[in-house]
Amino acid sequence: MGSAGDIRGTLRRLGRSKAVLALLFAALLAQQAPNVVRLAQKALSDEPAPRRPDVSYVPTPQKVVDRMLELAQVTRDDVVYDLGCGDGRIVITAARQYGCRAIGYDIVDWVIDMARENVAQAGIGHLVTIENADIFTLDLGGASVITLYLLPDLNVRLIPQLDKLRPGVRIVSHNFDMAGVKPDQVVTVKDAEGPYDDHTVFLWTTPLNKEVPSGEVSGVTPR
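Per the working numbering, the very first residue in the sequence shown carries number 925; after that it's consecutive.
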């Protein structure tokens, strides 16, 4: 058993070791402080989680795509917005056939990657862009043609945004109408190669022609 002096010396050495370890730990914390702060800020931020898609990925048959763009009378001077662009075939077709600019919007990462790859393979990146954006918070003011393949209730949700558009913007929807808004044209497309033989295409032009519910007065005096 050691003497009292030996014990005191050992305790002093342990004390110095603890002090050194404490200093090293403090230095390490100081170096990592910015990272810790960033992680804490990210955890406490109000940034919402990515929104789930409203519809499943089901591409519009090419024959229907062609008819939609034809019905909208797309020209080289147009800007086409495809809301829920999927693999990008509508914006790619618009750029290829009419030479116009086109933007596809979606929120599903793998779908966006596929669409961008298709645009690159088509060699029309100078005309077409694919963007990750929520279509229900999107400013649609830059579009002269808008294409849709959503669902009836989703089309209706877009009405407040469509009401803000300048006159003459054409909106074309594959298979689904827009309750409360009278279409300018409705056409049927036969496509025996797809899972469904008949497809319906709806066309509206801004300002939207709101249908008056039964029993209400439109305010228009008959002549």
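No residue lacks a Cβ here, since even glycine has one placed at the ideal position from N, Cα and C.
Straight-line spacing of the CA atoms in R1094 and T1017 works out to 17 Å. The beta carbons of S1068 and V1003 sit closer together than 9 Å. T1129 places its beta carbon 9 Å or farther from that of D1115.
At the C-beta level, E994 and Y1029 stay beyond 9 Å of one another.
A straight-line Cα-Cα distance of about 12 Å links V1111 and D1101.
R1094 has V1069 and T1129 as its beta-bridge partners, per DSSP.
Contact check for Q1045 against L1064 fails: the beta carbons are separated by 9 Å or more.
DSSP places R1013 inside the alpha helix (DSSP H), whose first and last residues are R1013 to Y1022. In the structure shown, I1031 falls within a coil segment according to DSSP collapsed to helix, strand and coil.
With a threshold of 16 other beta carbon atoms within 10 Å, N1099 meets it and is buried. The alpha-carbon separation between R1081 and A1103 amounts to approximately 10 Å.
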